[in-house]
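Report on the structure given below.
Right, here's the structure in full:
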């Protein structure tokens, strides 16, 4: 089974802190994604990566950055956390599109509260 | 641009009753369509997908969905609800993958439907 592991289930941070959310997948997937999930808004794509050191902006990249130094690991960085970044963050991975039929596999999520 | 509309943010059914969750999409090309389920405090799990071929697709836990191109719909159904079906359900759409080894194709998600099952 594909396993996507997010390092923390719950995080509480203070406004202005730098926050790192970590995601690791064990299936040698090329693509990795970060979403945020808010009630009534569904999942919105923040950033994705289709290869090591490669990244592309999603629909809501403002206030976030990402890092992919190794194929299995994709980090989401909040440079200076703000209260409006309180949310559930979901990581996903998939094979290259042509082989994957666009199926994405999700981690359990990190619920971040910024006080 | 692609989009997904899920009608009804909350749906409540009785145990044993039919489950019908609605999803309509817009896409300029024949799409790939997905239903994901999210149980409380968990990530998303794929229920079923339509890529090509048979328009009625069966998924896990007794769910199925039918791709109707003329109606641009992909509604999710289950003949008899069970208490364990209580969860949030997301419909998603994407373009068919590119056949060369290029960048990924993204999923566009609907806003979700929270299904409650009453005893």
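Protein chains in written order, with my numbering: chain B, 47 to 161; chain G, 38 to 156. Every residue, glycine too, gets a C-beta built ideally from N, C-alpha and C.
With 8 Å as the threshold, decide whether the Cβ of residue i is near any Cβ in chain B.
i             : result
residue 61/G  : no
residue 142/G : yes
residue 69/G  : yes
residue 93/G  : no
residue 100/G : no
residue 138/G : With a pLDDT of 48 at residue 138/G, under the threshold of 50, the predicted position of this residue should be treated as unreliable, though the coordinate-derived value follows. So, interface residue.
residue 49/G  : no
residue 111/G : no
residue 84/G  : no
residue 79/G  : yes
residue 150/G : no
residue 147/G : yes
residue 64/G  : no
residue 88/G  : yes
residue 127/G : yes
residue 107/G : no
residue 46/G  : yes
Looking at the structure shown, is residue i part of a helix, part of a strand, or coil, going by DSSP?
i             : result
residue 83/B  : strand
residue 155/G : strand
residue 150/B : coil
residue 52/B  : strand
residue 132/B : coil
residue 46/G  : coil
residue 118/B : coil
residue 140/B : strand
residue 126/B : coil
residue 148/G : coil
residue 161/B : coil
residue 51/G  : strand
Is there a Cβ of chain G sitting closer than 8 Å to that of residue i, yes or no?
i             : result
residue 150/B : yes
residue 127/B : no
residue 147/B : yes
residue 122/B : no
residue 57/B  : no
residue 87/B  : yes
residue 91/B  : yes
residue 67/B  : no
residue 136/B : yes
residue 162/B : Nothing can be reported for residue 162/B, as the shown portion of chain B is limited to 47 through 161.
For residue i, which residues from the same chain have a beta carbon less than 6 Å from its beta carbon, with the 5 sequence-adjacent residues on both sides left out?
i             : result
residue 105/G : none
residue 59/G  : 44 and 112
residue 158/G : Since the first residue of chain G shown is 38 and the last is 156, residue 158/G is not available in this structure.
residue 94/G  : 85, 87 and 102
residue 126/B : 62
residue 56/B  : 157
residue 15/B  : The structure shown has nothing for residue 15/B, since chain B only spans 47 to 161.
Can you name, in chain order, every residue of its own chain whose Cβ lies under 8 Å from the Cβ of residue i, other than the five neighbours on each side?
i             : result
residue 100/B : 114
residue 129/G : 41, 70, 71, 72, 73, 144, 145, 146 and 147
residue 153/G : 47, 48, 49, 50 and 123
residue 54/G  : 117 and 118
residue 139/G : For residue 139/G, the predicted structure reports a pLDDT of 48, less than 50, and the residue's modelled location is therefore unreliable. A value from the coordinates is still provided. So no residue of the chain qualifies.
If you drop the 5 nearest sequence neighbours on each side, which residues of the same chain put their C-beta closer than 7 Å to that of residue i?
i            : result
residue 83/B : 89, 133, 134 and 136
residue 97/B : 76
Requested in this report: Can you check the region 53-132 of chain G for any beta strand (DSSP E) of at least 3 residues that lies completely inside it and give the ranges in chain order?
Outcome: 56-58, 61-63, 69-75, 81-87, 93-95, 101-105, 110-115 and 124-131
**Report entry** Three-pair Cβ contact test at 8 Å for the region 38-48 of chain G versus the region 91-99 of chain B
**Finding:** no
Report task. Kindly confirm or deny that the region 122-139 of chain B and the region 101-108 of chain B touch, where touching means at least three C-beta pairs closer than 8 Å. Result -> no
Query raised in the report: Which whole runs of the beta strand (DSSP E) in the region 54-109 of chain B are 3 residues long or more, in chain order?
Result: 56-59, 65-71, 77-84 and 88-95
Query raised in the report: Does the count of Cβ pairs from the region 54-73 of chain B and the region 92-109 of chain G closer than 8 Å reach three?
Result: no
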